[in-house]
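In our numbering, the protein residues as written are 6 to 217.
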């Protein structure tokens, strides 16, 4: 490439492995690894770290706990990206906050969507969940990623129950896996009662058990 990437950002383990699976299938892995060797490589947390180490990729910058966009930007703050291409491995939804911050520093950002979250074909269970929450049949709701919150509200919009869902969630214990999921819930007007620290499933279940 005439303008090879100056920085690669890997956000998830699943997405990193999916990207390598794609380059394997296309016979482009050796070329991809050569690009990584010449660029700066940053990771959002332990999961993409593990996926890259499986491929023996050098890691230059690692976001600190709790592994959010803020920590990712902090650990790459000294990397000169002006006039350079930055490749971001997307983690389901587009990370507009990350893209805007990098573009403000003069980078040209390209996101690679290795997978995406989508609604199931049958949204009946989610619609029934909204109804159960409205009727006060549920004591706690656990969110293990931000897209779960967005999709639940998307379904509630479809059945014209968004306000009812918001009120119902604010009557029960809402548990979040970490700050990214918490932010999505708070943006929807939901009070988060429990946030796992560190942002892992074991810590989330332990905090939920204490709360209940």
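Glycine residues also receive a C-beta, built at the ideal position from the N, C-alpha and C atoms.
In DSSP terms, what residue i is bridged to
i	result
residue 67	48
residue 181	148 and 200
residue 116	93
Span of the alpha helix (DSSP H), counted from its first residue to its last, around residue i
i	result
residue 161	151–163
residue 79	74–80
residue 106	101–109
residue 19	18–31
residue 88	Per DSSP, residue 88 belongs to no alpha helix (DSSP H) and is neither H nor E.
Between the CA atoms of residue j and residue i - distance to the nearest angstrom
i	j	result
residue 41	residue 13	7 Å
residue 101	residue 177	30 Å
residue 76	residue 52	15 Å
residue 32	residue 46	22 Å
residue 19	residue 116	15 Å
residue 26	residue 38	13 Å
residue 61	residue 144	46 Å
residue 65	residue 158	38 Å
residue 200	residue 211	11 Å
residue 131	residue 152	13 Å
residue 10	residue 202	34 Å
residue 165	residue 128	14 Å
residue 110	residue 183	27 Å
residue 112	residue 89	5 Å
Own chain, CB closer than 8 Å to residue i, minus 5 neighbours either side, in chain order
i	result
residue 154	148, 186, 189, 190, 193 and 195
Other residues of its chain near residue i: CB distance less than 6 Å, five sequence neighbours each side excluded
i	result
residue 104	114
residue 15	21, 48, 53 and 94
residue 156	124
residue 81	47 and 66
Boundaries (first-last residue) of the beta strand (DSSP E) holding residue i
i	result
residue 135	Unbroken run through residue 135 is the alpha helix (DSSP H), 129–139; no beta strand (DSSP E).
residue 12	12–15
Nonlocal neighbours in the same chain, by C-beta distance under 7 Å from residue i, ignoring five residues either side
i	result
residue 197	179, 181, 187, 190 and 191
residue 107	86, 91 and 114
residue 161	135, 167 and 170
residue 70	203
residue 96	16, 17 and 20
Closer than 8 Å to chain B by CB, residue i
i	result
residue 58	Judged by its chain identifiers, the structure shown contains no chain B, having just a single protein chain.
Next on the checklist: Closer than 8 Å is the cut-off here; do at least three beta carbon pairs connect the segment 202–209 with the segment 161–177?
Outcome noted: Output reads no: the segment 161–177 does not touch the segment 202–209.
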